[in-house]
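*Asks:*
Okay, here's the thing in structure tokens:
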């Protein structure tokens, strides 16, 4: 698998942060997914799907539907792109 986040990994001190260091993940038969109810400024849901070993994220403003015929808007995003900033040195913020 190709390393997708070398710049990010170079900015982390894994001896200090509780975040796990990069490495080979234990193989699993199915890709990971997460649905998160996010009560932020406005209630919405975050959906994350594992694609090529990384989690891709979408925001679903009106939430998921139990009816497969109902289509909902899903906006793909990343933390850095949504705020124009990214975390470095574990806690400091830097602009792009």
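In our numbering, the protein residues as written are 15 to 110. No residue lacks a Cβ here, since even glycine has one placed at the ideal position from N, Cα and C.
1. Tell me whether residue 92 is buried or exposed, calling it buried when 16 or more other Cβ atoms sit within 10 Å of its Cβ.
2. Using only CA atoms, which one of 73, 86, 31 lies nearest to residue 63?
3. Is the beta carbon of residue 59 sitting closer than 8 Å to the one on residue 49?
4. Could you pull the DSSP bridge partners for residue 51 from this structure?
5. What's the gap between the Cα of residue 37 and the Cα of residue 31?
6. Leaving aside the five residues before and after residue 89 along the sequence, list all residues of the same chain whose C-beta is less than 7 Å from its C-beta, in chain order.
*Replies:* Taking the definition as stated:
1. Position 78 of the chain shown, counted from the first residue, corresponds to residue 92. With fewer than 16 other beta carbons inside 10 angstroms of its own, residue 92 counts as exposed.
2. The sequence position of residue 63 within the chain shown is 49, counting from 1. Ranking the options by Cα distance to residue 63, first place goes to 73.
3. As a working mapping, residue 59 is identified with position 45 in the chain shown. As a working mapping, residue 49 is identified with position 35 in the chain shown. The answer is yes: Cβ separation under 8 Å.
4. Position 37 of the chain shown, counted from the first residue, corresponds to residue 51. Residue 51 pairs with 59.
5. Locating residue 37 in the chain shown gives position 23, where the first residue counts as 1. Locating residue 31 in the chain shown gives position 17, where the first residue counts as 1. Cα to Cα, residue 37 sits roughly 15 Å from residue 31.
6. Position 75 of the chain shown, counting from 1, holds the residue named residue 89. Closer than 7 Å at the Cβ level, and outside the excluded window around residue 89, lie 72, 73.
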